[in-house]
Every structure is written in structure tokens, then in C-alpha cells.
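The structure appears right after this line, and notes come after that.
Residue numbers (full-length UniProt numbering), protein chains in the order written: chain D, 1 to 353; chain Y, 1 to 228.
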């Protein structure tokens, strides 16, 4: 069944449509109508037909995507419409890059591995190697942006982070463009239209710090882009409501500790370039999320893996006000459940929970 | 140059004549081989109901699907969860709206499963379209509108609109003519989450007991004129 659906969905649907009237005809055989207005002699049938002037009725149910190419061509020829000009150009943005170059790999367990073990030592060595590269990149950024300071960048990045997410929750699609890159925009704004998102940044548990910096050139040598990864350890609140105001995910009265590695990008060779939110790094060692609280049907033909776009700080959930243990337990359960794949796709915006 | 063009246009007009006339030079015939065959078809797609001039701004109804974009404010935890709903339609079905009304009114207030079951036995052409529209709406409700169970839906609204009408002609006796209308209809549907109500139409029909009580009250409240 799955193969049939995948290979020829059109044929399957048309087949079903063909079958239904056929079925109806067999059923209609039972109905007997005695019509008195027709002459019984078949020779007048032709004359009766000639009373009507036959006009060509268009099939208004037919969709252009259901028509074959040849059929479409003959139709256009018939109506005297020129074929559309082929769209050969591929649109692309030059104000941001399409991904993360040399992405930062968050250390497992957030760098708590001992240096004495071999893997720990290896991790430390790699860390040092990357740090020297980051230093060079920071020096390069500073050559373009004199006031740049890696110590102060953390708090600056936090402001960008907060305003980007606030604008996303408020669905301000024009204002958010100043805080996110064009690559990030669809990921943040996809499917927020029919949701209500309540998001609050409560506090920063650790000061945000720059962990990784890279520069790259695009096309020409002067065209420089810089990317900086910042580590955020914060407390946030998130509640997502669906179109009817029913709670889909999260909670209003629950805070969560969120550990995130967020990439910021700037077109440094552009005089008016701004640091903007570009992406979030999702480590491979991130534990799988809990299944959705709602029941949903898994469709066989659509197999898509929604990448986990959230980093949870060990699924820790803390309450704002201490309540009874039972209540706390319930809320923890509510908060730690994640949305189903279908719903997950809907609530795509990269929000940390 | 002008003269030459003039001659060409003349040739164009007289092309059928030229073919029959033996005096026409072979060069002329070679130059305009297509002109000999003129288009005989008067009522073509370019001039009939498919003409581009007639089909401008010919979109179906647009308001109905806009209701799907309404976002309701978040509810408090103690409030009863709002029922999900979904509007769907199928436009320009080649079926008379007058006939479609019977089917639309038939499924009104039924649960989705019941409606689908019943429509299998409705021997009308429009029943297929209604059934397909319900199935589409049901799928949309589950996929996009956060409806958990697809059977937990009922048909809250179901009505018909008039679509495009193509006018045709027919002959009558004594050189008279009549107009034939080839009608299309729109079918509108709104599914709502939950169980269907016991009585869809207001006011609810009264039970015999209620009718009796009503009658008794009416009788007792009579005013007998010129009495004590």
C-alpha cells in the first residue's frame, strides 16, 4: 500500500474516483424510473438531442498539477497562451552564509571529563588547538571592528538572543529580521502563525561566554564573514498554545534550565553589518526527547526525522514557587514531555526548553 | 514598401480565390501556403466560456477559509478547553446547488463517521463530492489543527453556495429559443471537535410530556370573559 501511494498517488486517487460512480451505478440499478415525457421511439432520440446547442464546458475541478505536460501544452496552445519563461536563476542571499563553518562540538557532559583519561586528554588537546584558531579569528574580527571585545560580547549576544526570541513570540516578522539572519528566519518563523507562544527569559545562571570563533571568506577574499558561538546557561519559561488557546507544550509556571550553544554571525566586511543570531548547535550526545502527550498516527510514507533543536540542561525542571511535591511532580511531567513529530514540525522555531 | 504590404494583405483576403484561380503564380502560393486554410471553427475555446476575458478574477469564495486563520487567546487552566474547529470547502462542483442542498442538509449535525457511512448510500452525484470534502477536512484537522482523534469530529455547518453558471441555448418550436443554465456549486463545511448535539436545530422538539404540560398551562391561563 505504501509503495502504491508513493509511486502513483494520482493514479490511486483517480482509481478510487472511478470506482465510486461505478459502485453507485450498480446501486442505482435498483431504482426504476418511469419517465413519461420521452417518446418511446428511438428514432426521435437524435432529434431531441439536436434541440440543444452543445457548448464546451470547462472542467473547473481539474487542477494544473494533475494535468500531464502534453495535455497542458495543447491546452495552452488552444487558448493562445505563451509558455511561462523558465526560471533559470537561483535566488540566494549574500548577506549571510548558509550554515556553520567548522562548528563547535560541545564537549560531552559539558566538559566535565577528567584530563587523566585518554579521551579526556584528547579532548583537552583538541580544545587547545581550536582555541588558538578562535584567537586568530577574534583578532581578525577586531581588525574590522575595533571596539570588539570577546569579554563583552557575551552580554551583547544575550541581548540579541532575547530580542530575537521575544520578536518571534510576538510574531513581529519585520522587526525580527534585525536580530536573525536570513538562514535562521524560516526556522524561527515557520508555523508560528497559528500558535500563541509565551516565552520569558528569566535569568542567566552563568555569564554567557564566547567559546568559539571563526572567520571565512565567501567568493572573494575581501568578503569576510565571522561566526561566534556563545554558551548560554539560562533559565527560561515557555508555553505554546495552539490556535484555539489550548496548551500544546510547556507551562507558564515552570522554569527550566537551558544550556545552549548559539551561533551568531556578522558580515564583517560590510560596514553596516550586524551581529545576528544564525543557528544553534545540537550535540550528538543529546538524549532523545520524550514522546508526545497526545496520540498521533505514524504515517508510513512520510519518514522524516525532525532534528532535535533544543538542548535541555539535563531535563532539569525547577518550580518558581515551592509547592506540594505531588503538584511539582505533575508539572515536571507536563514540562518534560515533548511535542509529537507532527506537532514538533509545527512548532519548529528553535526554542530551548 | 507600403504598396508591397498592401498587396500582401489583399492576397491574404483573397487566398481561397487564389487557390481556385489558375492564374495565380506559383510563387504566391508558396509564400502563403497557410492562408489557404482558414479556421472554420467559430465557437472555440478562445471565444467561448474558456475565453481569457471571461475568466479574469474568477476565484472561488475566499472568506470561508479565512476562518481557519483565527487565533484564539490562550485559556486559563480552570477553563474548559475550547473545541477545535476547521472550515473547508470545495468550489465549483459540476452539480446544481439546488440538488446539492439536500445532501448538505442531510449530513448536518452528524458525526463524521456517521456522515461518511450514510453518504455511501446516497444515490446522488453530489454525495461523492461531499464525502471527499469531509475526508479532506478530517485529515486537515488532524494534521494541522491539533485534533487528537479523527473520529471525535462532527459536522457543525454544511451548506451550499452557487458557483459559476454557463449559459447555453436550446431550440423550441416555432422558432423560439430557451436558455439552458449549466450550474456549478460550492460546498462549505465546518467540522467541530466533540460529540454532535442531540438536536441540531433550535428549538428542540418537545416530548409528549412537555407538550401536555404546555397545553395544560395554556388551558388554565385562559381568560373566560364575563365570569367571576
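Built from N, CA and C at the ideal position, the CB exists for glycine as well.
Going straight from the alpha carbon of residue i to that of residue j, what length do you get?
i: residue 266 of chain D; j: residue 145 of chain D; result: 11 Å
i: residue 210 of chain Y; j: residue 168 of chain D; result: 57 Å
i: residue 295 of chain D; j: residue 195 of chain D; result: 19 Å
i: residue 217 of chain D; j: residue 207 of chain D; result: 30 Å
i: residue 117 of chain Y; j: residue 189 of chain Y; result: 17 Å
i: residue 106 of chain Y; j: residue 115 of chain Y; result: 9 Å
i: residue 71 of chain Y; j: residue 85 of chain Y; result: 11 Å
i: residue 256 of chain D; j: residue 98 of chain Y; result: 59 Å
i: residue 217 of chain Y; j: residue 66 of chain Y; result: 48 Å
i: residue 150 of chain Y; j: residue 291 of chain D; result: 20 Å
i: residue 221 of chain Y; j: residue 196 of chain Y; result: 38 Å
i: residue 70 of chain D; j: residue 287 of chain D; result: 52 Å
i: residue 60 of chain D; j: residue 100 of chain D; result: 48 Å
i: residue 192 of chain D; j: residue 140 of chain Y; result: 17 Å
i: residue 306 of chain D; j: residue 249 of chain D; result: Legend: pLDDT at residue 306 of chain D = 47, less than 50; position of this residue unreliable, no value from coordinates given.
i: residue 92 of chain D; j: residue 247 of chain D; result: 37 Å
i: residue 63 of chain D; j: residue 75 of chain D; result: 13 Å
i: residue 113 of chain Y; j: residue 42 of chain D; result: 45 Å
i: residue 171 of chain D; j: residue 185 of chain D; result: 12 Å
i: residue 111 of chain Y; j: residue 166 of chain Y; result: 35 Å
i: residue 81 of chain D; j: residue 73 of chain D; result: 9 Å
Below 9 Å between beta carbons: does that hold for residue i and residue j?
i: residue 215 of chain D; j: residue 121 of chain D; result: no
i: residue 158 of chain Y; j: residue 187 of chain Y; result: yes
i: residue 278 of chain D; j: residue 237 of chain D; result: no
i: residue 164 of chain Y; j: residue 92 of chain Y; result: yes
i: residue 219 of chain D; j: residue 141 of chain D; result: no
i: residue 182 of chain Y; j: residue 57 of chain D; result: yes
i: residue 160 of chain D; j: residue 87 of chain D; result: no
i: residue 105 of chain D; j: residue 283 of chain D; result: yes
i: residue 122 of chain Y; j: residue 103 of chain Y; result: yes
i: residue 156 of chain Y; j: residue 126 of chain Y; result: no
i: residue 103 of chain D; j: residue 281 of chain D; result: yes
i: residue 147 of chain Y; j: residue 100 of chain Y; result: no
i: residue 134 of chain D; j: residue 213 of chain D; result: yes
i: residue 153 of chain Y; j: residue 192 of chain Y; result: yes
i: residue 179 of chain D; j: residue 164 of chain D; result: yes
i: residue 144 of chain Y; j: residue 245 of chain D; result: no
Buried or exposed: which applies to residue i, given that a residue is buried once 16 or more other Cβ atoms fall within 10 Å of its Cβ?
i: residue 300 of chain D; result: exposed
i: residue 53 of chain D; result: exposed
i: residue 243 of chain D; result: buried
i: residue 137 of chain Y; result: buried
i: residue 83 of chain D; result: exposed
i: residue 162 of chain Y; result: exposed
i: residue 40 of chain D; result: exposed
i: residue 154 of chain D; result: buried
i: residue 224 of chain Y; result: exposed
i: residue 66 of chain D; result: exposed
i: residue 118 of chain D; result: exposed
Just reading off the alpha helix (DSSP H) that residue i is part of, what are its end residues?
i: residue 167 of chain D; result: 150 to 169
i: residue 120 of chain D; result: 118 to 144
i: residue 78 of chain D; result: 69 to 79
i: residue 93 of chain Y; result: Per DSSP, residue 93 of chain Y belongs to no alpha helix (DSSP H); it is in the beta strand (DSSP E), 85 to 93.
i: residue 171 of chain Y; result: Element bounds for residue 171 of chain Y: not the alpha helix (DSSP H) but the beta strand (DSSP E), 153 to 171.
i: residue 116 of chain Y; result: 112 to 119
i: residue 215 of chain Y; result: 208 to 220
i: residue 75 of chain Y; result: Taken as a continuous stretch (DSSP letters only), residue 75 of chain Y belongs to no alpha helix (DSSP H), as it is neither H nor E.
So residue i is in the beta strand (DSSP E); what residue range does that whole segment cover?
i: residue 248 of chain D; result: 247 to 267
i: residue 233 of chain D; result: 224 to 241
i: residue 278 of chain D; result: 276 to 280
i: residue 103 of chain Y; result: Looking at the DSSP string, residue 103 of chain Y is not in any beta strand (DSSP E); the run it does join, the alpha helix (DSSP H), is 97 to 107.
i: residue 184 of chain D; result: It is not in any beta strand (DSSP E) - residue 184 of chain D instead sits in the alpha helix (DSSP H) that spans 184 to 189.
i: residue 178 of chain Y; result: 177 to 193
i: residue 93 of chain D; result: No beta strand (DSSP E) contains residue 93 of chain D, which DSSP labels as neither H nor E.
i: residue 213 of chain D; result: 196 to 217
Throw me the rounded Cβ distance for the residue i and residue j pair, which I believe falls under 8 Å.
i: residue 203 of chain D; j: residue 269 of chain D; result: Wrong, their Cβ atoms sit about 36 Å apart, outside the cutoff.
i: residue 264 of chain D; j: residue 158 of chain D; result: Contact flag wrong, Cβ pair sits at about 11 Å.
i: residue 176 of chain Y; j: residue 169 of chain Y; result: Wrong, their Cβ atoms sit about 11 Å apart, outside the cutoff.
i: residue 183 of chain D; j: residue 98 of chain D; result: 6 Å
i: residue 254 of chain D; j: residue 234 of chain D; result: The pair is not a contact, with the Cβ atoms about 14 Å apart (cut-off 8 Å).
i: residue 252 of chain D; j: residue 239 of chain D; result: 5 Å
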